[in-house]
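S.K.: Quick note, the sequences are listed as chains A and B, same order. If you count the first sequence from 1, position 47 lands on 47 in the working numbering, and the numbers rise without skipping. Each number in the working numbering corresponds to the 1-based position in the second sequence with 1000 added.
Number of protein chains: 2
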Amino acid sequence: MVDAIDLKIIDILEVNARQSYAEIGKEIHLSPSSVRERVKKMEDSGVIKGYSLRLDQSKLGNTLEAFIMLKIFSGKLKPALQEIEPYPEVKEAFRITGQHNLYIRIALKDQLHIQQFIDKLVNFGEPTTHLILSRIGKENF
Amino acid sequence: MVDAIDLKIIDILEVNARQSYAEIGKEIHLSPSSVRERVKKMEDSGVIKGYSLRLDQSKLGNTLEAFIMLKIFSGKLKPALQEIEPYPEVKEAFRITGQHNLYIRIALKDQLHIQQFIDKLVNFGEPTTHLILSRIGKENF
DNA sequence: TATGAAAAAGAGGCATT
DNA sequence: AATGCCTCTTTTTCATA
């Protein structure tokens, strides 16, 4: 399904998803079309779901990044999901195991906005908030 | 710094970072070169840090996704960071406020591997693990 | 906006299994 | 027969003025 060469391509694209097939091919000693074929197969099979951006949220004016874990009130899961879905502040969300049921990552302008955001969530569950202080690791995180 | 048109370009690239400048230009009624110029400026200023992939980890054989929050033991922050930095299983990590100090997101083959991973972390702090059950929201999450 | 240069997409062929 | 890679050609896109 996905062989060692495919994994190499993924590694390269993970660092820079806009790298050309020609350049990728040079790195792994394959022709541009072969690289392209492999990428297309991975897109078609769903291994590669899409291509995205790494943004510096602070330079976009969002000085606060945080994640909120929600302990959902009984029967409030569906309405909670519908509530948070459309917000552009929400960068990522998933259902989780443990004391809380929902993980929501957000990027916000300032403290006032995080307060307003939490105020909306308290209708659906009990929130625990963690501010993100800094990212760790390689640049491609 | 970043105007409304730039934000539109970011929105488009966030959904598909491999979209061509020509196509982006069509959507926002701008010439390919103008789009290209704006993107380059955002790259140079660091607003756009890079381009990345959205992968289906389960199709790569990683059936388990999780995040671990670590309550770091006194003086163990630096060694903890050095320990986790090189692991390919670590997809994201940041320092956080609250009861825990470190957030670590991982993708792993199976339960055995998560156990082994946690075993390494207990030397540096007290871990709390949450498995990720499912992603919520649009496809570009 | 127009241009040459570069890359992507597609077709066909060859080699290995 | 199927797969994976290559080369060649056409079309599209990029970067420069």
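Where a beta carbon is used, it is the ideal one built from N, C-alpha and C, also for glycine. None of these values were measured; they are calculated from a predicted model.
1. Mind checking Val-1122(B): buried by the 16 CB within 10 Å criterion, or exposed?
2. Would you call the CB atoms of Ala-22(A) and Ala-1017(B) closer than 7 Å?
3. Where does His-958(B) land, buried or exposed, given buried means 16+ other C-beta within 10 angstroms?
4. Reducing DSSP to helix, strand and coil, say where Ala-1202(B) ends up.
5. Over the uninterrupted alpha helix (DSSP H) stretch that includes Arg-1038(B), give me the two end residues.
6. Check whether the Cβ atoms of Val-47(A) and Asp-1110(B) sit closer than 7 Å, and answer yes or no.
7. Kindly list the residues whose CB is nearer than 8 Å to the CB of Ile-1096(B), restricted to its own chain and excluding five residues on each side of it in sequence; keep chain order.
8. Look at the alpha carbon of Ser-45(A) and the alpha carbon of Leu-112(A), and state the distance between them as a whole number of angstroms.
9. By Cβ distance, which residues of its chain are closer than 7 Å to Phe-117(A), with the 5 residues on each side in sequence left out?
10. Going by DSSP, name the residue or residues bridged to Ile-72(A).
11. Short check: CB of Gly-1137(B) to CB of His-130(A), under 7 Å?
12. Does the beta carbon of Asn-1123(B) come closer than 7 Å to any beta carbon on chain A?
13. Classify Ala-1017(B) as helix, strand or coil using the three-state DSSP reduction.
14. Using 7 Å as the limit for Cβ to Cβ distance, is Ile-1136(B) near chain A?
15. What residue from Ala-80(A), Arg-54(A) and Lys-8(A) has the CA that sits closest to Lys-71(A)'s CA?
16. CA-CA distance, Ile-223(A) and Ser-1058(B)?
17. Is Met-1042(B) buried or exposed, if buried means 16 or more other CB atoms sit within 10 Å of its CB?
18. Hey, how far is the Cα of Lys-1049(B) from the Cα of Ser-52(A)?
19. At what residues does the beta strand (DSSP E) containing Leu-108(A) begin and finish?
20. Starting from Ala-1066(B), follow its DSSP beta bridges and name the residues at the other end.
21. Starting from the beta carbon of Ser-1052(B), find every residue of chain A whose beta carbon is closer than 9 Å, and list them in chain order.
22. Anyone know if the C-beta pair for Phe-124(A) and Lys-78(A) falls short of 7 Å?
23. Comparing C-alpha positions only, which one of Pro-86(A), Ser-74(A) and Phe-94(A) sits nearest to Phe-67(A)?
24. Please confirm if Ile-1096(B) has its CB atom under 7 Å from at least one CB of chain A.
25. What in chain A is Cβ-close to Leu-1112(B), meaning under 9 Å?
M.R.: The relevant details are as follows:
1. To locate residue 1122(B), count along the second sequence from 1; it is residue 122. Counting the other Cβ atoms within 10 Å of the Cβ of Val-1122(B) gives fewer than 16, which makes it exposed.
2. For the purposes of this step, residue 22(A) is taken as residue 22 along the first sequence, with counting starting at 1. For the purposes of this step, residue 1017(B) is taken as residue 17 along the second sequence, with counting starting at 1. In this structure, Ala-22(A) sits away from Ala-1017(B), with a CB-CB distance that is not shorter than 7 Å.
3. No statement about residue 958(B) is possible, as the shown extent of chain B runs from 1001 to 1141 and does not include it.
4. Past the boundaries of the shown model lies residue 1202(B); chain B is included only from 1001 to 1141, so the question cannot be answered.
5. Counting from one through the second sequence, the residue named residue 1038(B) turns up at place 38. That run of the alpha helix (DSSP H) goes 1032-1045.
6. Looking up residue 47(A) in the first sequence gives position 47. Looking up residue 1110(B) in the second sequence gives position 110. Not in contact: Val-47(A) and Asp-1110(B) (Cβ atoms no closer than 7 Å).
7. Looking up residue 1096(B) in the second sequence gives position 96. Taken in chain order, the residues that qualify are Met-1069, Leu-1102 and Tyr-1103.
8. Position 45 of the first sequence, counted from the start, is the residue given in the question as residue 45(A). Position 112 of the first sequence, counted from the start, is the residue given in the question as residue 112(A). Distance between the alpha carbons of Ser-45(A) and Leu-112(A): 43 Å.
9. Sequence index remark: in the first sequence, residue 117(A) carries index 117 (1-based). Within the same chain, Phe-117(A) has close Cβ partners Glu-89, Ile-106 and Leu-108.
10. Counting from one through the first sequence, the residue named residue 72(A) turns up at place 72. Per DSSP, the beta bridge partners of Ile-72(A) are Gly-125(A).
11. As a first step, residue 1137(B) is located in the second sequence; it is residue number 137 there, counting from the start. As a first step, residue 130(A) is located in the first sequence; it is residue number 130 there, counting from the start. Contact flag unset, no.
12. Your numbering for residue 1123(B) matches position 123 in the second sequence. Not a single CB atom of chain A sits nearer than 7 Å to the CB of Asn-1123(B).
13. Within the second sequence, residue 1017(B) is the residue found at index 17, counting from 1. Looking at Ala-1017(B) - three-state DSSP - the assignment turns out to be coil, as it is neither helix nor strand.
14. Locating residue 1136(B) in the second sequence gives position 136, where the first residue counts as 1. Cβ-Cβ to chain A under 7 Å: yes for Ile-1136(B).
15. In the first sequence, counting from the first residue as 1, residue 71(A) sits at position 71. Ranking the options by Cα distance to Lys-71(A), first place goes to Ala-80(A).
16. As shown, chain A starts at 1 and ends at 141. That puts residue 223(A) outside it, with no answer to give.
17. The residue you call residue 1042(B) lines up with position 42 of the second sequence. By the neighbour-count criterion, in which 16 or more other beta carbons inside 10 Å mark a residue as buried, Met-1042(B) falls on the buried side.
18. Position 49 of the second sequence, counted from the first residue, corresponds to residue 1049(B). Position 52 of the first sequence, counted from the first residue, corresponds to residue 52(A). Rounded to the nearest angstrom, the two C-alpha atoms are 11 Å apart.
19. Along the first sequence, one-based indexing puts residue 108(A) at 108. Its beta strand (DSSP E) spans residues 102-108.
20. Against the second sequence, residue 1066(B) aligns to sequence position 66. Answer is Ile-1106(B) and Leu-1131(B), bridged to Ala-1066(B).
21. The residue you call residue 1052(B) lines up with position 52 of the second sequence. From the beta-carbon of Ser-1052(B), the residues of chain A found nearer than 9 Å are Leu-13, Glu-14, Val-15, Asn-16, Ala-17, Tyr-51, Ser-52, Leu-53, Arg-54 and Asn-140.
22. Residue 124(A) sits at position 124 when you count from the first residue of the first sequence. Residue 78(A) sits at position 78 when you count from the first residue of the first sequence. No, the Cβ-Cβ distance between Phe-124(A) and Lys-78(A) is not below 7 Å.
23. Your numbering for residue 67(A) matches position 67 in the first sequence. Among Pro-86(A), Ser-74(A) and Phe-94(A), the Cα nearest to that of Phe-67(A) belongs to Phe-94(A).
24. For the purposes of this step, residue 1096(B) is taken as the residue at position 96 of the second sequence. Yes - at least one Cβ of chain A is within 7 Å of the one on Ile-1096(B).
25. Translated into the one-based positions of the second sequence, residue 1112(B) becomes position 112. Going along chain A, no residue has its Cβ under 9 Å from Leu-1112(B), so there is no contact; the nearest lies around 18 Å.
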